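Since the structure comes first, as structure tokens, the remarks are kept for the end.
Numbering (the numbering used here), first residue to last: -7 to 277.
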């Protein structure tokens, strides 16, 4: 019996498993982190090509099943099993991550991996189809949003393959896709809290103009408070008659972004915008 609360859908098609391993481009010297190995259908294929597999499994029954599967065989010494919730532990060193990801941890796992140090070579991850398409969406795509730009700020994200629900036991209710995440090395020198604060406002209504989104009362109040806090912390004087609305619209106008819409802007647009706001002492956290 599989535990639906843990999002357990075991990949049973060996061709799909092999395709995932092939896309990871494993080397004989690689240490691979596998999240959610289940009964080990994917694990054994990874073990055949890598130096070591560290498999993180939340279900003690499946961890025992995986241990039994390789016990006494030539692959046993290459497998280490970590029992527990991957989101509640520090990740070990690894070169590549491969995961048939429990859908409920898709977003937190993605960003846990993206911010992991030292930087790894790549991750090949199975996700619910819509989540995968949001990760790889480009400006103008219907699914393009905050998740897209936040992940693409730190990594090259590509769609690898579609996987139908009949390739799993039990079959999930949705279709799946595999994506490949290759972290940028070095990562961009950006304060993520600042970046995400800007992107959150821009995508609050992604088809509205930036000027419209930044003129809301709540946003202006937050930015005004941040401006005054920044000036105080840095022993700067707030100019007499300072108006945050005029300052914000001034930055947008200066860059020609007042009529721009988040749905059509790429990572470089947002980087340029964040730098201009910060130069004007306008901060988002």
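Glycine is no exception: its CB is placed at the ideal position from the N, C-alpha and C atoms. The structure displayed is predicted, hence computed values, not measured ones.
Between residue 272 and residue 243, the C-beta spacing is below 8 Å. Residue range 121 to 128 is occupied by the alpha helix (DSSP H) that includes residue 122. Every alpha helix (DSSP H) of 4 residues or more that sits fully in the stretch 166 to 244 is shown, in chain order, as 184 to 194, 202 to 206, 209 to 225. Here the alpha carbons of residue 145 and residue 40 stand approximately 34 Å from one another.
Counting only runs of 4 or more residues that sit fully inside the stretch 36 to 101, the alpha helix (DSSP H) segments are 52 to 62, in chain order.
The beta carbon of residue 250 lies closer than 6 Å to those of 203, 244 in the same chain, with the five residues before and after it left out.
Burial check for residue 114: the Cβ neighbour count within 10 Å reaches 16 or more, so the residue is buried. In the assembly as shown, residue 221 is an exposed residue. Its beta-carbon has fewer than 16 other beta-carbons within 10 Å.
Residue 21 counts as exposed, since fewer than 16 other beta carbons sit within 10 angstroms of its beta carbon. With a contact defined as Cβ atoms closer than 8 Å, residue 119 and residue 196 miss out at about 25 Å.
According to DSSP, residue 253 shares a beta bridge with 201. The Cβ-Cβ distance between residue 25 and residue 3 does not fall below 8 Å. In summary, residue 56 is exposed, with fewer than 16 beta-carbon neighbours lying within 10 Å of its beta-carbon over all protein chains present. Using a 10 angstroms sphere on the CB of residue 87, the tally of other CB atoms reaches 16 or more, which defines it as buried. Sixteen is the threshold: since fewer than 16 other Cβ atoms of the shown chains lie within 10 Å of the Cβ of residue 165, the residue is exposed.
Non-local beta-carbon contacts of residue 212 in its own chain, meaning distances under 8 Å to residues more than five positions away in sequence, involve 206, 236, 237, 240 in chain order. Counting C-beta atoms within 10 angstroms of its own C-beta, residue 277 has fewer than 16 neighbours from the protein chains shown and is therefore classed as exposed.
Each residue's CA atom was taken as its position, placing residue 121 and residue 225 some 46 Å apart. The beta carbon of residue 8 lies closer than 7 Å to those of 155, 159 in the same chain, with the five residues before and after it left out.
Per DSSP, reduced to three states, the secondary structure at residue 7 is helical. Here the stretch 131 to 147 lies against the stretch 256 to 270, with 3 or more beta-carbon pairs under 8 Å apart. In the three-state DSSP reduction, residue 266 falls in the helix class (H, G or I). Between residue 45 and residue 38, the gap from beta carbon to beta carbon is short of 8 Å.
Under the DSSP assignment, residue 25 falls in the beta strand (DSSP E) whose first and last residues are 23 to 27.
Relative to residue 190, the option among 49, 270, 64 whose CA is nearest is 270. Residue 49 and residue 150 have their alpha carbons spaced roughly 26 Å apart.
Its chain contains 255, 256, 257, 258 as the residues whose beta carbon lies nearer than 8 Å to that of residue 131, once the 5 sequence neighbours on both sides are disregarded; these appear in chain order.
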